[in-house]
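Novice:
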Amino acid sequence: MQAESPSVYERLQTLLPAPKPIEPTGWLNRARALEGPWARGLRSVSQVIFINHPLSGALLLLAFWLSSPWMAGWALVGMTAANGVSHWMRLSPELRNQGIHGFNGVLVGCATAALANTPMPSAANAAQLTLLVAIGGGLTTWMIELWRLRFHRRGDPPVLTLPFCLITWVLLAVVPPSLTTPLEAIQPAAATTPLETLLLGIPHSFGQVFLCSSLTSGCLVAIAVVIASPIAAGLGVIGAIIGMTSSLIQGADASAVAQGLWGYNSVLTAIALGGIFHTPSSRSILLAMLGASLATLLQVLQIRMIGILPPLTLSFVITTWCLQRLAKRRLPALIPICLHAVVSPEEHRQRYGVTRVLLERFRRHLQERLAGIPTISAPPVLEEPLNHQTQELFAELDRDQDGRLSIAELRHALMSNLIQRQAENNDPLLDDQLNTVLAAMDLNRDGQINRMEFGHFIQHLQRLRDGEDRLRLYLIPMDANGDDHLEPNELDRLLRSLGQTNLTSAETNLVYANHPEGLSWRQWIDQLLLA
């Protein structure tokens, strides 16, 4: 079978210098990139609240220790058991290293510490609880894998903290009453006014995500989130305020609100909907605010209907599922993040920014082409070393040194470059591709390419290569039918997500003239490059 011809973009990358490996700068970013067993464990701790940073995980362990040394110890036991079962079941090492298989086990350990009715259990009781944590932590991984096997299609709901909820409720049923205390016992609060209640409740709400009741622990949890993602921290604060306000309106006890018992589900929901499963935007923030309020309402209903069980994070799980489904059906311009591509709200914003810049250029040039307007731009400002490399490359291609590249000169240079790399490849499409490239470079349509036009094209080629991975990750959810092609309705959805209007019929005909079945990834990249 004959190999598929390289795309225009793949051919032209030979004009660019080899990309340099990206190394993290700053000690925070270097800490984020740590690897190894300890980093895996710390990420398991931090993934509970949707952050992926070993330093944040270390701060969270400190918060557990200050709340109760048993909490720190049992959190580690639950995490180790969960990751151990993941290794034993030969599940994805990448997911394990990112903490995805371990965070429910961490929560089981935290809940067990909150469950114990004494800060110093006897040796026998401690051994019994430790064994239960290990079993429960391991079972969470098994439940995660069962969920993945059942819900593996694009757009299916994530498991979130459902395994933690189910395992903890089972533990409450099997642990003797003499070893337990109510998980959410309300203590007198220092707040006397609604404002003081809210101010105390914000850090407590962050702490209660891990069942930490002390103010110091709650502050450390909030700091851990800020270190990993300021956007996530901001969303969490918004969620906590909305959740606590909603609960006060519904008549919740002010002491419970100040302790964060009515804010932690809203913290998780706001972070999840506002910046983790969607790119942070005005739409996602509104969805997060709605989710924070709905999570509180569901928590009220849960307590009334099954008050014998602590609410834990069930209302967060159900709210996130429901609003993700609602957004998919009613808010097509709100693009979800694929589960395997979830990183941080900041990275999601960068993907959005890269895609917006590339699509704005694509749309502008598409409209100019239809209007018959030459695309004459001001000379681009090229940063070093790209500027120096571009000038050297231009001088090399300009064989007669007249300051312009003729069609023949550029054709000769590109053909020679390609023949050296593909001497055995007699590709009949090569001439057509080169003609298309030359036409795209020739902005003023004078049949020659000057330094400005060449620099303009090289800059765009560089930007496209640098942003290709982020662009791909942003576009994956657009492929609603999973056929690996970008169809007209999917491209319209992409444009709407970036604040643009749908393609006109003339634009659609131009883009899809030779591809009525839709654009493959390689064809789409060529469209962006040559528009």
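Just so you know, we're using the numbering used here here: the sequence shown kicks off at 1 and counts up by one.
Glycine included, C-beta positions come from ideal geometry on N, C-alpha and C.
Count the other CB atoms within 10 Å of the CB of Q250; is the residue buried (16 or more) or exposed (fewer)?
Specialist: As a working note, residue 250 is residue 250 in the sequence shown. Burial call: exposed.
Novice: Inspect the beta-carbon positions of V48 and F103 and report whether they are closer than 8 angstroms.
Specialist: Sequence index remark: in the sequence shown, residue 48 carries index 48 (1-based). Sequence index remark: in the sequence shown, residue 103 carries index 103 (1-based). Contact: yes.
Novice: Excluding the 5 residues preceding and the 5 following T245 in the sequence, name in chain order all residues of the same chain whose CB lies nearer than 8 angstroms to its CB.
Specialist: Counting from 1 along the sequence shown, the entry for residue 245 is found at position 245. Cβ neighbours of T245 beyond the five flanking positions: L198.
Novice: Got a sec, what are the start and stop residues for the beta strand (DSSP E) Q448 sits in?
Specialist: Translated into positions along the sequence shown, residue 448 becomes position 448. Unbroken beta strand (DSSP E) run through Q448: 448 to 450.
Novice: Please list, in chain order, all residues of the same chain as P345 whose beta carbon is under 6 angstroms from its beta carbon, the five residues on each side excluded.
Specialist: Position 345 of the sequence shown, counted from the start, is the residue given in the question as residue 345. If we look at P345 and ignore the five residues flanking it on each side, its Cβ neighbours are S229, I231, A232, G275, P280.
Novice: On the criterion of 16 or more Cβ atoms from any shown chain inside 10 Å, does Q401 qualify as buried, or is it exposed?
Specialist: Position 401 of the sequence shown, counting from 1, holds the residue named residue 401. Exposed is the call here.
Novice: If you reduce the DSSP assignment to three classes, tell me which class Q420 lands in.
Specialist: Walking along the sequence shown from the start, residue 420 turns up at place 420. Here Q420 scores only 47 on pLDDT, less than 50, and its place in the model should not be relied on; the value that follows carries that caveat. Helix, per DSSP.
Novice: Verify whether the separation of the beta carbon atoms of V85 and G138 is less than 8 angstroms.
Specialist: Within the sequence shown, the letter at position 85 stands for residue 85. Within the sequence shown, the letter at position 138 stands for residue 138. Taking 8 angstroms as the Cβ cut-off, V85 and G138 qualify as a contacting pair.
Novice: Given a cut-off of 8 angstroms on the beta-carbon distance, is the pair H348 and Q259 in contact?
Specialist: Translated into the one-based positions of the sequence shown, residue 348 becomes position 348. Translated into the one-based positions of the sequence shown, residue 259 becomes position 259. Their beta carbons are not under 8 angstroms apart, which means H348 does not touch Q259 by this criterion.
Novice: List, from N- to C-terminal side, the alpha helix (DSSP H) runs of 4 residues or more that fit wholly inside the segment 33 to 111.
Specialist: Those alpha helix (DSSP H) runs which fall completely within the segment 33 to 111 and span 4+ residues are 37 to 46, 54 to 67, 69 to 88, 93 to 97.
Novice: Under DSSP, the alpha helix (DSSP H) around R399 begins and ends at which residues?
Specialist: Numbered from 1 along the sequence shown, position 399 holds the residue referred to as residue 399. Looking at the DSSP string, R399 is not in any alpha helix (DSSP H), and its letter there is neither H nor E.
Novice: Round the Cβ separation of S247 and T320 to the nearest angstrom and send it over; I've been treating them as touching at under 8 angstroms.
Specialist: Taking the first residue of the sequence shown as 1, we reach residue 247 at position 247. Taking the first residue of the sequence shown as 1, we reach residue 320 at position 320. Rounded, the Cβ-Cβ distance is 19 angstroms, inconsistent with contact.
Novice: Inspect the CB distances between the segment 27 to 36 and the segment 64 to 81 and report whether three or more fall short of 8 angstroms.
Specialist: The segment 27 to 36, when compared against the segment 64 to 81, does not touch it at the 8 angstroms Cβ threshold.
Novice: Does the Cβ-Cβ distance between T269 and A292 come in under 8 angstroms?
Specialist: Residue 269 sits at position 269 when you count from the first residue of the sequence shown. Residue 292 sits at position 292 when you count from the first residue of the sequence shown. Yes, the pair counts as a contact, with Cβ atoms nearer than the cut-off.
Novice: Is it true that the CB of S266 sits closer than 8 angstroms to the CB of G243?
Specialist: For the purposes of this step, residue 243 is taken as the residue at position 243 of the sequence shown. For the purposes of this step, residue 266 is taken as the residue at position 266 of the sequence shown. Contact: yes.
Novice: Assess, as a yes-or-no matter, whether the segment 482 to 500 is touched by the segment 456 to 469 under the definition of 3 or more beta carbon pairs within less than 8 angstroms.
Specialist: They do not touch, by the three-pair rule.
Novice: Where does S214 fall in DSSP's three states?
Specialist: Residue numbering aside, residue 214 sits at position 214 when the sequence shown is read from its first letter. The answer is coil: DSSP assigns S214 none of H, G, I, E or B.
Novice: Using the Cβ count rule (16 or more neighbours within 10 Å means buried), how would you classify R330?
Specialist: For the purposes of this step, residue 330 is taken as residue 330 along the sequence shown, with counting starting at 1. Exposed, since its Cβ has fewer than 16 Cβ neighbours within 10 Å.
Novice: Roughly how many angstroms separate the alpha carbons of I419 and H412, rounded to a whole number?
Specialist: Taking the sequence shown and counting its residues from 1, the one referred to as residue 419 is at position 419. Taking the sequence shown and counting its residues from 1, the one referred to as residue 412 is at position 412. With a pLDDT of 49 at I419, under the threshold of 50, the modelled position of this residue cannot be trusted; read the value that follows with caution. Between I419 and H412, the C-alpha separation is close to 10 angstroms.
Novice: Report buried or exposed for T501, applying the criterion of at least 16 other Cβ atoms within 10 angstroms of its Cβ.
Specialist: Translated into the one-based positions of the sequence shown, residue 501 becomes position 501. Exposed, by the Cβ-count rule.
Novice: Write down the C-beta distance between R404 and Q448 rounded to the nearest angstrom, noting that I regard them as a contact closer than 8 angstroms.
Specialist: Working through the sequence shown from its first residue, we reach residue 404 at position 404. Working through the sequence shown from its first residue, we reach residue 448 at position 448. Correct: roughly 4 angstroms between the Cβ atoms.
Novice: Does G307 pass the burial test, meaning 16 or more other C-beta atoms within 10 Å, or should it be called exposed?
Specialist: Within the sequence shown, residue 307 is the residue found at index 307, counting from 1. By the neighbour-count rule (16 or more Cβ atoms within 10 Å), G307 is not buried but exposed.
Novice: Got a sec, what are the start and stop residues for the alpha helix (DSSP H) R356 sits in?
Specialist: In the sequence shown, residue 356 corresponds to position 356, counting from 1. Counting along the chain, the alpha helix (DSSP H) containing R356 begins and ends at 345 to 371.
Novice: Just checking my contact of I271 with L298 at CB under 8 angstroms: how many whole Å lie between their CB atoms?
Specialist: The residue given as residue 271 occupies position 271 in the sequence shown. The residue given as residue 298 occupies position 298 in the sequence shown. Rounded, the Cβ-Cβ distance is 17 angstroms, inconsistent with contact.
Novice: Can you tell me whether D442 is buried or exposed, with buried defined as 16 or more other CB within 10 angstroms of its CB?
Specialist: Here residue 442 is taken as the residue at index 442 of the sequence shown, counted from 1. With 16 or more Cβ atoms within 10 Å of its Cβ, D442 is classed as buried.
Novice: Quick one: what does DSSP say A272 is sitting in, helix, strand or coil?
Specialist: Your numbering for residue 272 matches position 272 in the sequence shown. The answer is helix: DSSP assigns A272 an H, G or I state.
Novice: Nearest to C219 by alpha carbon, out of A256, L66, N97?
Specialist: For the purposes of this step, residue 219 is taken as the residue at position 219 of the sequence shown. Cα-wise, what sits closest to C219 is L66.
Novice: What is the DSSP secondary structure of L290, counted as helix, strand or coil?
Specialist: As a position in the sequence shown, residue 290 is number 290, starting the count at 1. In the structure shown, L290 sits in a helix (DSSP, three-state: H, G or I).
Novice: In this structure, does DSSP put P310 in helix, strand or coil?
Specialist: For the purposes of this step, residue 310 is taken as residue 310 along the sequence shown, with counting starting at 1. Three-state DSSP puts P310 in coil, outside helix and strand.
Novice: So H101 and I144 are supposed to be a Cβ contact under 8 angstroms. How far apart are they, rounded?
Specialist: Translated into positions along the sequence shown, residue 101 becomes position 101. Translated into positions along the sequence shown, residue 144 becomes position 144. Sure, about 6 angstroms apart at Cβ, within 8 angstroms.
Novice: Would you mind sorting Q2 into buried or exposed? The rule is 16 or more other CB atoms within 10 Å of its CB.
Specialist: As a position in the sequence shown, residue 2 is number 2, starting the count at 1. Residue confidence for Q2 is low, a pLDDT of 48 falling below 50, so the modelled location carries little weight; the figure read from the coordinates is stated next. It is exposed - the Cβ of Q2 has fewer than 16 other Cβ atoms within 10 Å.
Novice: Considering L405, what are the terminal residues of the beta strand (DSSP E) in which it resides?
Specialist: In the sequence shown, the residue the question calls residue 405 occupies position 405. Start and end: 404 to 406.
Novice: Judging by CA-CA distance, which residue of L287, S315, A288 is the nearest neighbour of V300?
Specialist: Here residue 300 refers to the residue found at position 300 of the sequence shown. Nearest option by C-alpha distance: S315.
Novice: Please classify A114 as buried or exposed, where buried requires at least 16 neighbouring CB atoms within 10 angstroms.
Specialist: On the sequence shown, residue 114 is found 114 positions in, with the first residue counted as 1. Buried: at least 16 other Cβ atoms inside 10 Å.
Novice: Can you tell me which of V108, F164, S68, L393 puts its alpha carbon nearest to the alpha carbon of V77?
Specialist: One-based indexing of the sequence shown puts residue 77 at position 77. Closest option to V77, Cα to Cα, is V108.
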